[in-house]
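Peer 1: Below you'll find the structure I mean.
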Amino acid sequence: MSTIDLFGNKNPIFNYMPNPGHVDPSLLDQREKYMDLREEEGWWHLFPYGPLYNDANLLSKPHHDRQIDFDFDFPFYGFRFNYTMIYPNGMLAFSDPEFIQPPYTFPNPRWPEQKDASFIAAFYADQIFQFVGERGISNVWYRIIFRPRAFETFDEWGSPLMNDGNQYNSMFETARDRYEKKMWGRVEDTYLLDNITMAIREGIIGANGFRADYAVIVTWERMAYGGAPKVTQVNRYEEAKRWTNTYQVVLATDEIRSYVMFNYAHINWTSSNTAGALQGRGGLQSAIAGFNGGNGTGWTPLPYSGEGRVIKLKEFSNVGVPGRWLFRVDEEIIRGGCSNESIGYLTTAPIAATMIGGVYVNVSGPCLRGGDVVKVIFDEYQVDCVRLNMHRAQCVLPVNRMYKTGLVNVKMSRDGGQSYPYVGTFYLLQPALASPAIKLIDNPREPHNNWRSANATRLRLEWAPYNLTNDINAMVDIKLMGYWEDTDDHVFEEIGTIAERTSNDGSYEFDPRTLARTTMLFDSWRRYSFGGVRISISDTDETTGVFWSKLTPFGWYFRDVWEYEYGRDWALELCQDWFDYDGKRVNFAMDLEPFLPCPCTFDQALLDLGRYMPLFGCDRDGDASCEYNKGAQHCVMSVAATWTGAGQVCCYDFEGWLMHSDDYENAAHLRFFSPGTAMRAHPMGSFPFKRPPYVPSLSNFHTDIMAYEKCCKWAGACEFYFWRRQTSGCQEYIPPVAGIAYGDPHFVTYDGTRYTFQGKGYYILSMSKDPRHDFHVQIRMEQPPRTDWNQEVHASVITGVAARENQSDIVQVFARKEFRRWRYRMDVVVNGHYRFFDTPELKMQRFKGVTIRSPERNHNQSEIHVMFDSGAGIRVAEAHGVLSVMTLLPPDFNETYAYYRGAYYPGNEYDEEGRRSTVQEEFINRITQPTLQYVGGGQRYVTVGLLGTFNGNPLDDLMSPDGHITIVNHPPTEQDNINAYKFGSRWRVDGSRHKSLFQDDIKPIYNPLQFGDDRRYNPVHDPYRLQYNASLVFTLDEVRVACQNVYECEYDYFLTGRREIAMNTLEVQSKLIELKQKGTHRIQSCGALLVAPGAVKYPPGNNYLDGVTVTFTCKPEYFIHGTPQRTCVNGSWTPGWHVWCRYRSVEIGLKWMTGILSSVAILLFIAAIFFGCYLRRIALHPETGITFRKQEPSYIPSTSSSSYLVKEPPRSPSVTSLQGKAKQKQTPHAGSSILRPARSPFRAYETSA
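Counted from 1, the sequence shown has number 922 at position 922 by UniProt numbering; the numbering is strictly sequential.
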């Protein structure tokens, strides 16, 4: 019932005139011009409309539409429009629809042969303007609302745009700018846009950061069904208006996100006479309401659409306001509010959060009644949630419990946990990638005042206060949460306080030296050295929601305690404690080196995207600050961890050479160089995640990053760190093999064979099945659009890729339709769920058995990397609706990896021992069909498909499933292309031999009708036959000049008739083939030679690869020892001694000491020889001994003393010998008078008798 009549009476009286229902047409004109049209019926849930609000209207003519230009972009279903066409039939169309007899089917199954318009249907049915007499009572009102941003003083977050508005705005402001501009159909109305914004924020979760900058309001007022009779009697006005429909559509956008709101006021009829209805009811099909993407994209209906129950749209709602329905429509159609279905899907906002927990998560799914008890299970942890309204509940992620990353299941219950009928997904982020709610501000003018420094004197942190609580009087606590782990346990707990009960004003600054240590956890300085800052509302627990900062060292907090306990060398003590403890743990490098060695060069690291990915914080395509890897242009880390949880990190200098820790152990180098080192804990963590050292981010920070902070930055003794964390060499590195599919399409197999295959449908690109791998990659190939001269293109392009390995999730990547590529150029679907990679924290996402990432600077999803746990990788890139695919396989996929090939290997002209072989020719000559089946079948060949067999032998690349081998040449002839087409056709996925990995509901993007029709598809195998058809568009010389005589480019130019596709083929071919040639070539390495203190090694870059000669010198104050030159030959250094250096002063001192000691040693040696000889003489001739004993006079003859005075003449040798013999014959008797000399110390000075 109405609340006011035409004359302002609060209680309408319809019999105030002799003829009840009679109305004066002039009063209707006044009502439309001067009154709010919502008042008469009480339609207050509609937004204001009518002439009073500067609305324009359509002419009251049947089937009359009007196109209006937005002057802004409205994203819808992946497309982007800057216009719309308003139809009186209850729809807004973005392309010309085909009006046919109902029933309607959307999307149009006959597209592209028939039109499939893109539109938003509020109440799509045949409608007419109703008249009472000659006066029309039906209208279609519309207006566009703009936000006057040019002179706003505050942004959408409440921050001032300019400090002094009068200082700058007066330069541009005129008298006409002091009020909002208005014209018919276009107005500036900030207040209305704010009301629309609040309605959207309250009605759909995830819209808290949205602000409507533009809106379009279209209102269909009192529209009659098609075929309704005209009311000729003016006294039947009340009766006529009650058999009409009134509804409204509101489009709101900020040019990134778009929302559509339907407001239904009166629904009194459901279908038209053209649909077979009688008096507006029944018929073949009732009015439809929903969203059609157009061009076969998709159709999303509203509840009751196309049914007789569509009248209920005015009675029910998904946002709690009867008659109101809200949706998000920019990429996918996301339903707002809640649902009354017994089972369904739930949505969360945000869609991802840190695994540490404590984050507010809004959950929407079923409609919640006042007494419902809401519980939600995140992964395996149940939390109690608070009901905020009918369509929203608020939960807090469990704190310090969910140590896991990746996509987890979410379940919602409204009956206290008895049943969980609504399910969804939620992504848990590792702390290093999660966007912190607390910003730790480093002072750029005072380098020591940063959060990583141990000498900070002033630190500052900031946060968004109203995201924590809306209570302006709330007080907050700022705490320190420390992390510590042992070999079997880990702790994350509160260890100290920065501030308690401080105001929630969004910033806090403090001096770490004056912090009170009374709240410090007892003995926390012994175990904790890093953690995070937490802000929570005072006098509450963690279940009320908290803010987290990024992980940061706590040197500024514990320094005073460490200095008191350890002394002035506290940093060195911490470093040595870590050094000793880490040395007692398991040697993780033993498992890391053989299986994950570093790539030798930068080109190899770029190519090996299946086993390596860019390191967080040192990525040349993203964050290239390289805080812990100075001097590196790019670092990579292993995608997978070893069984011990370790990860590999390799860094490359600006010349592309691997940086070794052996070259930069000196602490003086750290300002400019810091190589990558192996890590005990992988930065992304690994299974089972919840125990050390597998905890994502936290274990890595504890075992590796803090060791670098303590030893290298705080203590300046980085040699301790590098002795425990050395750079892995590349001696054992074997590069992956690459297979490429691109263009129209062209293929380069793993072993280098090049051919062209114009298949259409689903095909096996590569497949490997053995006890370790069950690897499948499939592609979708379809015909591109017609040429510029309207000729059918008898060729195909790749538009989809699907892959799976073992029991991993299925990954699908699709090119998007034309005009749907403005924001995302490809769709990524994982197990049926669309995933997007346009935000920094979601650039890398992990799933079951597979990791997917998009390069940091790639914001439109035009390049996707798929990395499986086995090391296999897929690079997918899009250009002009064509996909190029590069598949990379590690060496263990090679058929001959586990077999010794010897002299009989037909891969090249030489065997593995370097002996020349003619096996290639013999292989071709002796192979027969039965032998092919035996040799080339499942007995040996484990990697097959369109990319060929992977065994190093290009002769058997084009092998069909039955073992038949096709050999083609390049550039190919027409017969070569025909043979290649026959080979490729045998790898088609037909459902009998190989199961398709593609979803049926994701249709081809070009022509679904021709996709499965091969009767009219005759691929062209000689492109030069088409040059005459294209001669009116481009010439042969023009093609050859543009393509630089490259066959693949000319092929695509002639067949598609599109220069952009040909140029992309030329670019992709040159880029990927060059990358394949550089990255797949194995390089021998000898490893890095250790640089001793004081030594200088040349050259500084490439000093480890085969053929390099390394020269060692010493600093001027040093002296060199060892072999100064060594050469790397066949993986080994030439023989030589280790080079080491010694101070020259010490060297000179040691030389003098050596000389003196040598001289003394020589003299002693001579004296020893002399003394030895003398002793020998005494032993042989005792009578020659000398003694100092005095002889008795009675025993000595008188003549004996004179014998010393008489000089005896010289004797001849013969005489002497005879006398000696005579003396030997003399035998002394017992009574002899000869006296023996007495034994005494002075015997050497005695005189013999």
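Just so it is clear, CB atoms sit at the ideal spot from N, CA and C, and this is done for glycine as well.
Owing to the predicted nature of the structure, the values given are computational and were not obtained by experimental measurement.
Is DSSP giving residue 776 helix, strand or coil here?
Peer 2: strand
Peer 1: Provide the residue(s) that pair with residue 980 in DSSP beta bridges, ordered along the chain.
Peer 2: According to DSSP, which records beta bridges pairwise, residue 980 is partnered with nothing at all.
Peer 1: So what does DSSP say about residue 259, is it helix, strand or coil?
Peer 2: strand
Peer 1: Please classify residue 207 as buried or exposed, where buried requires at least 16 other C-beta atoms within 10 Å of its C-beta.
Peer 2: buried
Peer 1: In whole angstroms, give me the CA-to-CA distance for residue 963 and residue 945.
Peer 2: Each residue's alpha carbon lies about 12 Å from the other.
Peer 1: Buried or exposed: where does residue 1159 fall if 16 or more other Cβ atoms within 10 Å of its Cβ makes it buried?
Peer 2: exposed
Peer 1: What runs of the alpha helix (DSSP H), each 4 residues or longer, lie entirely inside the stretch 210-242?
Peer 2: 237-241
Peer 1: Which class does residue 1125 belong to by DSSP, given the choice of helix, strand or coil?
Peer 2: strand
Peer 1: So, is residue 1043 buried or exposed, given that buried needs 16 or more other C-beta atoms within 10 angstroms?
Peer 2: buried
Peer 1: What's the gap between the Cα of residue 221 and the Cα of residue 237?
Peer 2: 14 Å
Peer 1: Cα separation between residue 1221 and residue 1166?
Peer 2: Unreliable positioning characterises residue 1221 in this predicted model, as indicated by a pLDDT of 41, which lies under 50. A coordinate reading is not provided.
Peer 1: What is the residue span of the beta strand (DSSP E) that residue 495 lies within?
Peer 2: 490-503
Peer 1: Is residue 1033 buried or exposed, if buried means 16 or more other CB atoms sit within 10 Å of its CB?
Peer 2: exposed
Peer 1: So, using beta-carbon positions, are residue 118 and residue 60 closer together than 8 Å?
Peer 2: The beta carbons of residue 118 and residue 60 sit no closer together than 8 Å.
Peer 1: Quick check on DSSP: helix, strand or coil for residue 614?
Peer 2: strand
Peer 1: Closer than 6 Å by C-beta to residue 300: which residues in its own chain qualify, once you throw out the five before and the five after it? Chain order, please.
Peer 2: 290, 291, 333
Peer 1: Indicate the three-state DSSP secondary structure (helix, strand or coil) for residue 82 in the structure shown.
Peer 2: strand
Peer 1: Can you find at least 3 beta carbon pairs, one from the stretch 120-136 and one from the stretch 279-288, that sit closer than 8 Å?
Peer 2: yes
Peer 1: Short check: CB of residue 1052 to CB of residue 1085, under 8 Å?
Peer 2: no
Peer 1: What number of angstroms, rounded off, separates the C-alpha of residue 1255 from the C-alpha of residue 884?
Peer 2: Residue coverage of the chain in this structure runs from 1 to 1249, which leaves residue 1255 outside it and unanswerable.
Peer 1: From which residue to which residue does the alpha helix (DSSP H) around residue 1008 run?
Peer 2: 1008-1011
Peer 1: How many Å lie between residue 1048 and residue 606 at the Cα?
Peer 2: As the crow flies, the alpha-carbon of residue 1048 is around 25 Å from that of residue 606.
Peer 1: In angstroms with no decimal places, state the Cα-to-Cα distance between residue 826 and residue 836.
Peer 2: A straight-line Cα-Cα distance of about 9 Å links residue 826 and residue 836.
Peer 1: By alpha-carbon positions, which one of 385, 381, 355 ends up nearest to residue 364?
Peer 2: 385
Peer 1: If you count every other CB in all the chains shown that lies within 10 Å of the CB of residue 1000, and 16 or more means buried, which is it?
Peer 2: exposed
Peer 1: Go through its chain and collect everything with a Cβ distance to residue 714's Cβ below 8 Å, but skip five positions before and after it.
Peer 2: 454, 555, 571, 574, 575
Peer 1: Do residue 521 and residue 496 have their C-beta atoms within less than 8 Å of each other?
Peer 2: yes
Peer 1: Would you call the stretch 576-591 in contact with the stretch 836-855, where contact means no fewer than 3 C-beta pairs closer than 8 Å?
Peer 2: no
Peer 1: Can you find the residues in the same chain that come closer than 8 Å, C-beta to C-beta, to residue 971, ignoring five residues on each side of it along the sequence?
Peer 2: 1047
Peer 1: According to DSSP, is residue 568 part of a helix, a strand, or is it coil?
Peer 2: coil
Peer 1: Would you kindly check if the distance between the Cβ of residue 326 and the Cβ of residue 424 is under 8 Å?
Peer 2: no
Peer 1: In angstroms with no decimal places, state the Cα-to-Cα distance between residue 31 and residue 261.
Peer 2: Rounded to whole angstroms, residue 31 to residue 261 spans 26 Å at the Cα level.
Peer 1: Just to confirm, is the Cβ distance from residue 362 to residue 336 under 8 Å?
Peer 2: no
Peer 1: Across which residues does DSSP place residue 1095 in a beta bridge pair?
Peer 2: 1114
Peer 1: Could I get the ranges of all uninterrupted beta strand (DSSP E) runs contained in the stretch 629-701, with 3 residues as the minimum, in chain order?
Peer 2: 634-638, 649-652
Peer 1: Taking the CB atoms as reference points, tell me whether residue 226 and residue 274 lie closer together than 8 Å.
Peer 2: yes
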